[in-house]
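Enquirer:
Numbering (the UniProt record's numbering), first residue to last: 1 to 295.
Structure representation (structure tokens):
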């Protein structure tokens, strides 16, 4: 690379031959290079500091906005009440408008102490059967982690356990509109249900015997063509145990089962062993399940 190329690579004009320069050429070039490098260094340092300040300001602004929105969101509902159904039990709740909710084991419901123009409740965890008092002026909405279920007056169940890979809405009577945010998913009538897959974002509708899906209110668990994880979770919640199994092995398994929560844990596990061919070992509050699964 000659001297002219070096100048051009630094963004400088090469000196002319008749330029009056009292410094030796080598020293002149070095001085210019040093000045350019120092400028770039100072500029980069300035930009790094500026980016850090800008990022900090953005974080503060967004955090403040999030806190503000959260406060507005919660203040619009006023005082909130939280009801929990423990593992091994169910809970019945009467809402401010006279509607009734039955919570299955290990479920959490949050709702305002007083309803306003709308009636909105939050199924934070688990499964609930809702018997909604009709009011055409105030729609009733159940918010679960992935779905919004809206009615005027009807009865339906929402199953939204966090451990499961899906959420289910089943209609016992009336009509129900199910959406995901602003996206409508399904309009359901009696004995119809929608299953929403959390992983794929897809949904499918089915015809069912809806009353069987809520028979747990009477202590009877009826599951038809459900995934193995549903079956295991139902047993865990009914008997307050933790069941360990290989989810990958059993993810394709579908089973149907009927049992009463008055039966012993061992008798229910024997039943699962018969229909799925598993082996199990009960160790206090833990159950170890093994087997071939459904590959």
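Using N, Cα and C, we set each Cβ at its ideal position, and we do this for glycine too.
For clarity, every value in this text was computed on a predicted model and none was experimentally measured.
Report the option in 238, 292, 146 and 285 whose CA atom is closest to the CA atom of residue 268.
Expert: 238
Enquirer: Just to confirm my understanding: we take residue 175, look at its own chain, exclude 5 residues before and 5 after, and list those with CB closer than 6 Å. What are they?
Expert: 189
Enquirer: Please classify residue 169 as buried or exposed, where buried requires at least 16 other C-beta atoms within 10 Å of its C-beta.
Expert: So residue 169 counts as buried.
Enquirer: What residue range is occupied by the uninterrupted alpha helix (DSSP H) comprising residue 238?
Expert: 228–239
Enquirer: Give the secondary structure of residue 278 by DSSP, where H, G and I count as helix, E and B as strand, and everything else as coil.
Expert: coil
Enquirer: Do residue 257 and residue 272 count as a contact pair if the criterion is CB distance below 8 Å?
Expert: yes
Enquirer: Determine the burial state of residue 86: buried for a count of at least 16 other Cβ atoms within 10 Å of its Cβ, exposed for fewer.
Expert: The residue is exposed, with fewer than 16 neighbouring Cβ atoms inside 10 Å.
Enquirer: As a quick exercise: from 113, 165 and 129, pick the residue whose alpha carbon is nearest that of residue 248.
Expert: For residue 248, the nearest C-alpha among the options comes from 165.
Enquirer: Mapping DSSP to helix, strand and coil, what is residue 273?
Expert: helix
Enquirer: Can you list, in chain order, the residues of its chain whose CB lies under 7 Å from that of residue 178, leaving out five sequence neighbours each side?
Expert: 147, 149, 169, 185, 186, 188 and 194
Enquirer: Please state the DSSP three-state secondary structure of residue 204.
Expert: strand
Enquirer: Kindly indicate the opening and closing residues of the beta strand (DSSP E) around residue 193.
Expert: 192–197
Enquirer: Taking DSSP as the reference, what is the three-state secondary structure of residue 218?
Expert: helix
Enquirer: Is the Cβ-Cβ distance between residue 132 and residue 116 less than 8 Å?
Expert: no
Enquirer: Assuming residue 151 and residue 127 are in contact, meaning their beta carbons sit under 8 Å apart, how far apart are those beta carbons, in whole angstroms?
Expert: About 17 Å separates the two Cβ atoms, so there is no contact after all.
Enquirer: When you compare only the Cα positions, how much space is there between residue 65 and residue 232?
Expert: Residue confidence for residue 65 is low, a pLDDT of 39 falling below 50, so the modelled location carries little weight; the figure read from the coordinates is stated next. Rounded to the nearest angstrom, the two C-alpha atoms are 42 Å apart.
Enquirer: Output needed for residue 97: all residues of its chain with C-beta closer than 7 Å, excluding positions within five of it in sequence on either side, in chain order.
Expert: 115, 119, 133 and 135
Enquirer: With burial defined as no fewer than 16 other Cβ atoms inside 10 Å of the residue's Cβ, what is the status of residue 74: buried or exposed?
Expert: In this predicted model, residue 74 has a pLDDT of only 46, less than 50, meaning its place in the structure is not dependable; the value taken from the coordinates is given anyway. The residue in question, residue 74, is exposed, as its Cβ has fewer than 16 Cβ neighbours within 10 Å.
Enquirer: So what's residue 268 in DSSP terms, helix, strand or just coil?
Expert: helix
Enquirer: Can residue 93 be considered in contact with the ligand COA, in the sense that its beta carbon sits closer than 7 Å to one or more heavy atoms?
Expert: As far as ligands go, the structure on display features none, and thus does not contain the ligand COA.
Enquirer: Report yes if the CB atom of residue 227 is closer than 8 Å to the CB atom of residue 254, and no otherwise.
Expert: Remark: C-beta atoms of residue 227 and residue 254 approach each other more closely than 8 Å.
Enquirer: Once the 5 residues before and after residue 223 are set aside, which same chain residues still bring their CB inside 8 Å of it?
Expert: The beta carbon of residue 223 sits closer than 8 Å to those of 230, 231, 234, 255, 256, 257 and 258, all from its chain and outside the five residues before and after it, given in chain order.
Enquirer: Going by other Cβ atoms of all chains shown within 10 Å of its Cβ, with 16 needed for buried, is residue 59 buried or exposed?
Expert: No answer about residue 59 holds up, because its pLDDT of 38 lies below 50 and its placement is not dependable.
Enquirer: Under a three-way DSSP split, which group does residue 211 fall into?
Expert: helix
Enquirer: Find the nearest neighbour of residue 274 within the set 260, 282, 291 and 221, judged by alpha-carbon distance.
Expert: 291
Enquirer: Straight-line CA distance for residue 156 to residue 130?
Expert: Cα to Cα, residue 156 sits roughly 5 Å from residue 130.
Enquirer: Leaving out five residues on either side along the sequence, give the residues of the same chain with a beta carbon under 8 Å from the beta carbon of residue 219.
Expert: 260, 261 and 262
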